[in-house]
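Protein chains: 2
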Amino acid sequence: METHEMIEKVAGFEDIQDVVAMVPAMRKLPVVEVGEILGTLDETWLPGILEKFTPEQQGLIVSEFPVEKQIVLFQSVSKKRFAPVFINMPSELRADLFQKLTRQEQIAILPFLPKVVREDVIHLASYPPETAGGIMSTDFATVQRDMTCAEALDKVRSDNPSNKTIYYIYVVDDDQLLQGFITLKDLVIATPETPVPTILHDEFAFAYAGEDREEVAKKIEKYDLVAIPVVNKQNQLVGIVTHDEAIEIIRAEHTEDLEKFMGMVPAKEVMNYERTTVWRHFRKRVVWTSSLAVVGLISGIIIHSYEEALSSLIILALYMPMLADTGGNTGSQAATVIVRALALGQVSLKNWFAILFKEARISILMAAALGLIAFGKILFLSWETDVPEGYTLLFLATGISLALSIQVVSSTIIGAGLPMLVKRLGGDPAVAASPAITTVVDITGLLIYFGMATMLFF
Amino acid sequence: METHEMIEKVAGFEDIQDVVAMVPAMRKLPVVEVGEILGTLDETWLPGILEKFTPEQQGLIVSEFPVEKQIVLFQSVSKKRFAPVFINMPSELRADLFQKLTRQEQIAILPFLPKVVREDVIHLASYPPETAGGIMSTDFATVQRDMTCAEALDKVRSDNPSNKTIYYIYVVDDDQLLQGFITLKDLVIATPETPVPTILHDEFAFAYAGEDREEVAKKIEKYDLVAIPVVNKQNQLVGIVTHDEAIEIIRAEHTEDLEKFMGMVPAKEVMNYERTTVWRHFRKRVVWTSSLAVVGLISGIIIHSYEEALSSLIILALYMPMLADTGGNTGSQAATVIVRALALGQVSLKNWFAILFKEARISILMAAALGLIAFGKILFLSWETDVPEGYTLLFLATGISLALSIQVVSSTIIGAGLPMLVKRLGGDPAVAASPAITTVVDITGLLIYFGMATMLFF
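One line per chain: the protein sequences are A and B, in this order. The first sequence begins at 1 in this note's numbering and counts up one residue at a time. The second sequence begins at 459 in this note's numbering and counts up one residue at a time.
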């Protein structure tokens, strides 16, 4: 039976015993799927069903729930009952949940935790969520430098690392200073009497606890790591960040980027569409759009100051939107390309001139193509329009499409330059993406348009 | 010395012996950094420096180069000299390089490869690059179901998996049918006489060789896997896809999405900004922008048909761009939110009505906010404008901002609905994102604007 079939079946049950009857089948499933199935139950049935699993399994299953659901469960059972679940959650998720509890709730659970878990939770919850410390796990294995491989393997075995990531085993000295790591693979393949330093990697990537989590994800990616060690300022090993966290960070960053590109207030966490209220969606979206509407006043003032020109030559009003659209499209494209190239480290600010020169060459090709199309469009659309005394349609069409071509070049260069400028000033280049660019090039576009019109037509 | 310092130093050298002198320092670095440093050398020095490393290291270092650089190296040394490098490359990268060679080059290298490598390369290169088969590696370890843990560990050791990913060890039967997997951790911790089935995971995630690589990345992410097994139609194990490939796929998908959102021809591979020619950048960007310019003809026709209305009430022309911008912004936001929620599996098409209803409620709040701002803007900007006989500014401002509010609601619903429609028809929802939405809501916006104007003002 597939997971989604099980979920549908569970949704139809009217008696908790029907769910209990499915527990043996669930025990065989990967824990993420059990989490999906039980995540659909409400707090009246959930505790009763969870009890059918071992405390270890309960910890892992509850870890698969969204954190809001974990909080509901926390609030609906006694703290004594919740403690074994909490203890068996992976350390980083346990700390995340703890951070989201109220002060009273935090105090209520602490007495039921063993000293080592209590200290671990308080320590991990003290890091800001966007740092390496905020996402790291403390479920790692360590050995000492002066051991043989056989001794190291024995230590790993006896530490009984049920939740631990032991693909890499970290080598520390007596002061917990990180010396390097060995892989479980090398440890297993080495002859038992081999000294640990023989297989030690002592040039290795690591992160500081205060480092930005996106930097940490990039290191995991660059070095193809399963996990990266995290050290404090004294270079003592305090945690690890695993590859699955890296994927989550990259996904979150992806959503954040798209949101910035589309002018929304970006969230550090991926929000769930269905669970987010209408009001919160509104707040997330309205800030940018209304700011842009206010900035749009500048365009309004420019247009107004040419009101007379527009009344006397109405054809100018007709093609104003075409110019704005084209400028917005080409500017956004250039901004996207540059923001992406900066994020992937393909280009550096040092080469700003070479980049702008390249964009200029690209934009001249674009300007030629789009200018020609605009020229054809104007002739086609306005063929039967009455042109005021003293003008010819050919002349007007030439002027307007020339303005459009200049606008394409200028908006491409602005679109490429603005993200670099923002980065140079220490900001995130993605904020200078689509909606901001559109608003800026709207203004420059109008100036080019009316400037050209004044020069040629009046 | 940091890697970038080494790169700068190497760039300044005029004698190959200076680079040779740095080889001992490089040997200590992670291979990815050696790859970065040697990647800056051209083909006159590169072969000489590579020779200072073992064939295993050479294979890994060359694997870090971009594939174009690998091809240059391939072409600049004898095939006999290249063969040991090629043999020591990870299987999936070796196959990628092989796919990019010309038919003649492929034939030239084959005689220098051992039979097992030859078959492996030909087999892997036969899968399309966007499938699980196209990205999978054949460097995996297998054991038999009827072994004990001690026997399994011996087999893993004796297979000497220098390049192999052995965090998971796959269990197959005599016909290579995949039975499940065991983790190296469980294997190490188990007592030697434990039978393999005791620690066997027989409910597990896997991928078919023909499956889309994005689906494969999603599975690795969902189940937090270090690697996922790939089977053929007969359920025989043919390869694995590792977590670092998943990250690469997610990054590529990210770029692809942004490109679609910004109206560029999306590439399956992440293009390098600097290495891509001006002409190719142009082609990538011009297709969409010029198509949109052509579709813009429809807006042009609508505007033209209201030419008289615009001349008699010039204020309508002044606020046409404001309406278009606001519609484009709100429509793009809604499209982004829905495309993302669909991609992350947060919403399903089955709930299309609930989604549109939610968007409608959000858009009414947005419409109220943006309508009020527009109303204020018009009063502020046009306060001193002469209004034609029979109209009051208050009445005109009310009409225009009412049209804008209706446009906000309609473009939000279109922005949310169009991606779902495209998905329903089997397309990629992301193509119905920003530029396409802007063009569509431009058209509906003009119809709303002039419809409202005709109703109220004429």
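We put the beta carbon where it would ideally sit given N, CA and C, even for glycine. Nothing here was measured: the structure is a model prediction, and the numbers come from that model.
Q. Hey, is residue 197/A close to the ligand NAD, as in C-beta under 8 Å from one of its heavy atoms?
A. With respect to the ligand NAD, the structure shown offers nothing to examine, as it has no ligands at all.
Q | Nearest candidate by alpha-carbon position, reference residue 694/B, set 476/B, 673/B, 664/B | A | 664/B
Q: Starting from residue 91/A, follow its DSSP beta bridges and name the residues at the other end.
A: In the DSSP output, where bridge partners are listed per residue, residue 91/A has none listed.
Q.
Would residue 259/A and residue 794/B qualify as a contact pair, given that the criterion is a beta-carbon distance under 9 Å?
A. yes
Q: Please classify residue 845/B: does DSSP put it in a helix, a strand, or coil?
A: coil
**Q.** DSSP state of residue 583/B mapped onto helix, strand, coil
**A.** coil
Q) How big is the Cα-Cα spacing for residue 171/A and residue 711/B? A) 37 Å
Q: Provide the residue span of the alpha helix (DSSP H) that contains residue 877/B, from first to last.
A: 851-882
Q) What residues in the stretch 584-616 of chain B bring their beta carbon closer than 9 Å to a beta carbon of chain A? A) 611, 614, 615
Q: Name the residue from 204/A, 241/A, 195/A whose alpha carbon lies nearest to the alpha carbon of residue 139/A.
A: 241/A
Q: Provide the residue span of the alpha helix (DSSP H) that contains residue 482/B, from first to last.
A: 474-485
Q: Could you name the residues of chain A that residue 519/B contacts, counting a contact when the two beta carbons are closer than 7 Å?
A: Chain A residues near residue 519/B: none, gap ~14 Å exceeds 7 Å.
Q) Cβ atoms of residue 501/B and residue 481/B: under 9 Å apart, would you say? A) no
Q | Residues of the stretch 465-492 of chain B with Cβ closer than 7 Å to any Cβ of chain A, in chain order | A | 486, 487, 488, 490
Q | Paired residues, beta bridge with residue 137/A - DSSP | A | 240/A
Q: Name the residue from 126/A, 294/A, 196/A, 229/A whose alpha carbon lies nearest to the alpha carbon of residue 151/A.
A: 196/A
Q.
Please tell me whether residue 355/A has its Cβ less than 9 Å away from any Cβ of chain B.
A. yes
Q) For residue 131/A, which three-state DSSP category applies? A) strand
Q: Could you say if the stretch 726-740 of chain B and the stretch 359-368 of chain A meet the contact criterion of at least three C-beta pairs nearer than 8 Å?
A: yes
(Q) Counting only Cβ-Cβ distances shorter than 8 Å, please list the residues of the stretch 384-409 of chain A near chain B, keeping chain order. (A) 385
Q) Where residue 372/A and residue 402/A are concerned, what is the direct C-alpha to C-alpha distance, given to the nearest angstrom? A) 9 Å
Q.
Going by DSSP in three states, residue 629/B sits in which element: helix, strand or coil?
A. strand
Q.
Quick check: residue 662/B and residue 30/A, are their CB atoms within less than 9 Å of each other?
A. yes
(Q) Just to confirm my understanding: we take residue 144/A, look at its own chain, exclude 5 residues before and 5 after, and list those with CB closer than 6 Å. What are they? (A) none
Q.
Assuming contact is defined by CB atoms lying nearer than 9 Å, are residue 209/A and residue 239/A in contact in what I supplied?
A. yes
**Q.** CA-to-CA distance, residue 52/A to residue 84/A, given in whole angstroms
**A.** 14 Å
Q | Members of the stretch 289-302 of chain A that neighbour chain B once the beta carbon cut-off is set at 9 Å | A | 289, 290, 292, 293, 294, 296, 297, 299, 300, 301
Q) What does residue 370/A reach in chain B if we use C-beta pairs closer than 7 Å? A) 747, 748, 751
Q | N-terminal and C-terminal residue of the alpha helix (DSSP H) that residue 50/A is part of | A | 46-50
Q. Among the residues of its own chain, which have a CB less than 6 Å from the CB of residue 438/A, if the five just before and after it don't count?
A. 328
Q. Is the stretch 344-357 of chain A close to the stretch 793-808 of chain B, with three or more CB pairs under 8 Å?
A. no
Q) Are the CB atoms of residue 110/A and residue 74/A nearer to each other than 9 Å? A) no
Q: Could you check how far apart the C-beta atoms of residue 142/A and residue 192/A are, in whole angstroms? I think they sit under 8 Å.
A: That pair is no contact at about 19 Å.
Q) Is it the case that the Cβ atoms of residue 773/B and residue 713/B are separated by a distance below 9 Å? A) no
Q: Give the residues of chain A in contact with residue 709/B, contact being defined as C-beta atoms less than 8 Å apart.
A: 221, 250, 344
Q | Secondary structure of residue 887/B, DSSP reduced to three states | A | helix
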